[in-house]
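Working notes, beginning with the structure itself.
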Amino acid sequence: MSSVGHANGGYAEAFGQSVEDPEGFWLGAAEAIDWVAPPTRALDDSAAPMYRWFPDARMNTCFNALDRHVAAGRGEQAALIYDSAMLGTTRTYSYAQLLDEVSRFAGGLAAQGISAGDRVVVYMPMIPEAAVAMLACARIGAIHSVVFGGFAAAELAARIDDAQPKALVTASGGLEPGRTIEYLPLVERALGLTAQAPATVIVKKREQIPGAASDYPGWLDWDDAVAAAGPVDCVPVAATDPLYILYTSGTTGKPKGVVRDNGGHAVALAWSMRNIYDIGPGQVMWTASDVGWVVGHSYIVYAPLLVGATTVMYEGKPVGTPDAGAFWRVIAEHKVRALFTAPTAIRAIRKEDPDAKELAHYDISSMTTLFAAGERLDPDTYEWATRELGVPVIDHWWQTETGWAICANLRGLDPMPIKAGSPTVPVPGYRVQVVDAEGAEVEAGAEGNIVIALPLPPGTLAGLWRDEERYVKSYLATFPGYYLTGDSGYVDADGYVFVLGRSDDVINVAGHRLSTGAMEAVVAQHAAVAECAVVGIKDELKGQRPSGYVVLKAGAEVEPEQLRTELVAMVRDQIGAVATFRDVTVVQALPKTRSGKILRKTMRQIADHEDYTVPSTIEDPAVLDALTRLLGGPGA
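Read in order, the letters of the sequence shown are residues -14 to 621 in our numbering.
Here you go:
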């Protein structure tokens, strides 16, 4: 169901042009970028479904993120604010300073023989050097592949195997509340597991963590590598050349390397900053994520700098560093205009401080909007944040593969009424539809598979690294002519999209297809519940039945049986008796990835007493162990 006809003026005009005249729309958007050779055409569809944007253009992403702002006389403006709650320190880099750091590290890479098209794996904590390394790769046309700092050696090795990098850039380690993670032994182990070990390893020494490049024969110290080389200028590349590879977990165990190009990426992100986030030159955006995730790539490192804004890089947690007021402190100190975080962070704050008492200690009047993505923003969390913060809370939906929002409430273009539970409408360029199992479009309000008509807009994946066959099979083959998002949902009569969860989160209860996401939204409304997950487990009679797992708010006092009775009644009232929701288990914490996504599939496997593999992206394996013991799963 298209949303064009239901939107208000400015949005409808922009969306309409993006569909009816994509060539004109995206060439217009491309004017926000400085080109070495400007594009004369937007889309090359000659090799469909392998589409290419701005095929005749040349540019450099780093030049657009740094050099052009300095040349325009804005070199003294803050580009990056590093705020480490772990160290209790803050450091601000002007555009001129960041350009100097990046151009000198790019020189260090070039001195090691790294040039355009070569791959560089970046395995770093949340320190400024992570962004410097990424931008330095872009400066010389190298392709970076960031791996989340602290990933297991086998996972790092798998990514090295696939990317075949010439260099690996790392640090001595990362800081977590109450512990440090030493990276160098993990790197050494990973290099021993791969036949594609890079010739160069560069290490940024952190004084707080043991280990240095000098401990390992042939490895280079960051400062020494920079000191031995001079700064270098930007290398022009084709707009269609890869900027980076970002790996996402694959169903076969082999990671999928999502490829992002230079030109389409820059155009899309610059457009999104102005039209989705309403952020421009000199304004402060804080994306509370990690550079290891797509959100960190897009909205910590690249997008804010492309438009001359100020980005905040935060090393810390929403709670525990030191308390539930950590986010409010950062907003107040750095005059943050827009905060972008995952709903799980807001839920963690709410669990620790349900009455938002810490908020009273800080002036967050600079903030105009809170953006959430990464998982579904349940209505209860949305309402709490809206009430306590007093600003619009904007859910928007996107994926590692798309690189920027598929659906959003476009705050800079045409703010629309907010509907709890919906990321609002498709962003211009994304022709979102809901189809049934046969690929036929369904009526408004009917649930189905969410797909996007091809071609996808600029900034989305150009394919998978050296695996076109897998790209087509994974995303394009199920519904020819469409990109398969893997999510289910519906579009209402007003054109608002509702994403209910991954398609495999839809369970079949006695022949009825039910969304566990819809049940979670009900359970989350309970006054004692901080966060929850509902998964479908095996049932001999009905095929599957929903099972709920809840974490209580700090200080909540409720007997488990009373809670179960109340939650069962709520689900029955709002979804119906057909849900047969009866199982409720109180847990101390839910197992999650480092980016905050709940590991529902693994939870289902534990509940069904199936063998499971601990996901490489897990935040805290001990939470999974506790759940396994509680439910009596394998290995309990």
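Cβ atoms here follow ideal geometry from the backbone N, Cα and C, with glycine treated the same way.
*Return the CA-CA distance between residue 430 and residue 476, expressed in angstroms with no decimal places.*
Here residue 430 refers to the residue found at position 445 when the sequence shown is read from its first residue. Here residue 476 refers to the residue found at position 491 when the sequence shown is read from its first residue. Distance between the alpha carbons of residue 430 and residue 476 is about 6 Å.
_With 16 other Cβ atoms within 10 Å as the buried cut-off, status of residue 547_ = One-based indexing of the sequence shown puts residue 547 at position 562. When all chains shown are included, residue 547 counts as exposed.
*Look at residue 66 and residue 152 and say whether their C-beta atoms are less than 8 Å apart.*
On the sequence shown, position 81 is the one that residue 66 refers to. On the sequence shown, position 167 is the one that residue 152 refers to. It is not a contact, given that the beta carbons lie outside the stated cut-off.
*Exposed or buried, residue 604, counting other C-beta atoms within 10 Å across all chains shown (16 or more means buried)?*
Residue numbering aside, residue 604 sits at position 619 when the sequence shown is read from its first letter. Buried, since its Cβ has 16 or more Cβ neighbours within 10 Å.
*With which residues is residue 325 paired in a DSSP beta bridge?*
Taking the sequence shown and counting its residues from 1, the one referred to as residue 325 is at position 340. In the DSSP output, where bridge partners are listed per residue, residue 325 has 272, 356.
_Whether or not the region 550 to 568 and the region 451 to 458 are in contact is what I'm after, with contact meaning three or more pairs of Cβ atoms, one per stretch, closer than 8 Å; do they touch?_
Output reads no: the region 550 to 568 does not touch the region 451 to 458.
_Using 8 Å for Cβ pairs, my map puts residue 22 next to residue 38. What's the rounded Cβ distance?_
Here residue 22 refers to the residue found at position 37 of the sequence shown. Here residue 38 refers to the residue found at position 53 of the sequence shown. Actually they are not in contact, since the Cβ atoms of residue 22 and residue 38 sit about 14 Å apart, beyond 8 Å.
_Judging by CA-CA distance, which residue of 159, 357, 311 is the nearest neighbour of residue 344?_
For this step, residue 344 is matched to residue 359 along the sequence shown. The candidate whose alpha carbon is nearest that of residue 344 is 311.
*Nearest to residue 470 by alpha carbon, out of 226, 382, 523?*
Along the sequence shown, read from residue 1 onward, the residue named residue 470 stands at position 485. Checking every option, the nearest Cα to that of residue 470 belongs to 382.
*Secondary structure of residue 315, DSSP reduced to three states*: Here residue 315 refers to the residue found at position 330 of the sequence shown. Correct three-state label for residue 315: helix.
_Alpha-carbon to alpha-carbon, residue 614 and residue 464_ = Mapped onto the sequence shown, residue 464 falls at position 479. Mapped onto the sequence shown, residue 614 falls at position 629. Distance between the alpha carbons of residue 464 and residue 614: 41 Å.
*asked:* So, under 8 Å CB-CB, residue 123 and residue 94 are touching, yes? Tell me the CB distance rounded to an integer number of Å.
replied: Within the sequence shown, numbered from 1, the residue matching residue 123 stands at position 138. Within the sequence shown, numbered from 1, the residue matching residue 94 stands at position 109. About 11 Å; that fails the 8 Å criterion.
*Going by the CB atoms, is the gap between residue 64 and residue 79 shorter than 8 Å?*
For the purposes of this step, residue 79 is taken as residue 94 along the sequence shown, with counting starting at 1. For the purposes of this step, residue 64 is taken as residue 79 along the sequence shown, with counting starting at 1. Yes. Within cutoff.
*asked:* For residue 299, list the residues DSSP reports as bridge partners.
replied: If you number the sequence shown from 1, residue 299 lands on position 314. Its beta-bridge partners are 68.
*Quick one: is residue 226 near chain C, going by C-beta distance under 8 Å?*
Among the chains of the structure shown, chain C does not appear; only one protein chain is present.
*asked:* Going by DSSP in three states, residue 241 sits in which element: helix, strand or coil?
replied: The count along the sequence shown starts at 1 and reaches residue 241 at position 256. Of the three classes helix, strand and coil, the one that applies to residue 241 here is strand, per DSSP.
*asked:* So residue 14 and residue 252 are supposed to be a Cβ contact under 8 Å. How far apart are they, rounded?
replied: Here residue 14 refers to the residue found at position 29 of the sequence shown. Here residue 252 refers to the residue found at position 267 of the sequence shown. Between residue 252 and residue 14 the Cβ distance is about 5 Å, and since that is below 8 Å, they are a contact.
*Please list, in chain order, all residues of the same chain as residue 145 whose beta carbon is under 8 Å from its beta carbon, the five residues on each side excluded.*
Taking the sequence shown and counting its residues from 1, one reaches residue 145 at position 160. Answer for residue 145: 106, 153, 175, 176, 179, 181, 182, 183, listed in chain order.
*Contact under 8 Å by Cβ, residue 509 with residue 366*: Walking along the sequence shown from the start, residue 509 turns up at place 524. Walking along the sequence shown from the start, residue 366 turns up at place 381. Yes.
*asked:* Please report the straight-line C-alpha distance between residue 451 and residue 240, rounded to a whole angstrom.
replied: By one-based count along the sequence shown, residue 451 stands at place 466. By one-based count along the sequence shown, residue 240 stands at place 255. Looking at the two C-alpha atoms, the distance is approximately 12 Å.
*asked:* Is it the case that the region 186 to 200 contacts the region 401 to 420, given that we only count it when at least three CB pairs across the two stretches are under 8 Å?
replied: no
*Who does residue 293 pair with in a DSSP beta bridge?*
Translated into positions along the sequence shown, residue 293 becomes position 308. For residue 293, which the question treats as bridged, DSSP gives no partner whatsoever.
*Beta-carbon separation of residue 395 and residue 260 under 8 Å?*
The count along the sequence shown starts at 1 and reaches residue 395 at position 410. The count along the sequence shown starts at 1 and reaches residue 260 at position 275. Closer than 8 Å, so yes.
*How about residue 193 and residue 165: do their beta carbons lie closer than 8 Å?*
Translated into positions along the sequence shown, residue 193 becomes position 208. Translated into positions along the sequence shown, residue 165 becomes position 180. Yes. Within cutoff.
*Whole-Å CB distance - residue 120 paired with residue 213, under 8 Å assumed*: Numbered from its first residue, the sequence shown carries residue 120 at position 135. Numbered from its first residue, the sequence shown carries residue 213 at position 228. Actually they do not touch by this definition, with Cβ atoms about 20 Å apart.
_Neighbourhood of residue 211 by C-beta distance below 8 Å, restricted to the same chain and skipping five residues each side_ = To locate residue 211, count along the sequence shown from 1; it is residue 226. When the five nearest sequence neighbours on each side are left out, the beta carbons in the same chain lying within less than 8 Å of the beta carbon of residue 211 are those of 89, 90, 92, 93, in order along the chain.
_When 593, 611, 425 are compared against residue 438, the one with the closest alpha-carbon_ = Within the sequence shown, residue 438 is the residue found at index 453, counting from 1. Comparing Cα positions, the closest option is 425.
_When you measure from the CB of residue 314 to every non-hydrogen atom of the ligand SAH, does any distance come out below 7 Å?_
This structure does not include the ligand SAH; it has no bound ligands of any sort.
*What number of angstroms, rounded off, separates the C-alpha of residue 519 from the C-alpha of residue 529?*
The residue labelled residue 519 in the question sits at position 534 within the sequence shown. The residue labelled residue 529 in the question sits at position 544 within the sequence shown. Cα to Cα, the separation comes out at about 12 Å.
*What residues in its chain sit with their C-beta under 8 Å from that of residue 316, if we drop five residues either side in the sequence?*
Reading the sequence shown from its first residue, position 331 is the one you call residue 316. Result list for residue 316: 271, 324, 347, 349, 351, 352, in chain order.
*Considering only residues of the same chain and omitting the five flanking positions on each side of residue 400, which have a CB-CB separation below 7 Å?*
On the sequence shown, position 415 is the one that residue 400 refers to. Answer for residue 400: 394, listed in chain order.
*On the three-pair Cβ rule with 8 Å, is the region 297 to 310 touching the region 155 to 169?*
yes
*What's the gap between the Cα of residue 606 and the Cα of residue 9?*
Taking the sequence shown and counting its residues from 1, the one referred to as residue 606 is at position 621. Taking the sequence shown and counting its residues from 1, the one referred to as residue 9 is at position 24. Cα-Cα distance, rounded: 50 Å.
*Secondary structure of residue 38, DSSP reduced to three states*: Residue 38 sits at position 53 when you count from the first residue of the sequence shown. The answer is strand: DSSP assigns residue 38 an E or B state.
*What do you reckon, are the CB atoms on residue 242 and residue 148 nearer than 8 Å?*
Sequence index remark: in the sequence shown, residue 242 carries index 257 (1-based). Sequence index remark: in the sequence shown, residue 148 carries index 163 (1-based). Their beta carbons are under 8 Å apart, which means residue 242 touches residue 148 by this criterion.
*What are the partner residues of residue 382, as DSSP defines its beta bridges?*
Here residue 382 corresponds to residue number 397 of the sequence shown, with the count starting at 1. Residue 382 is bridged to 392.
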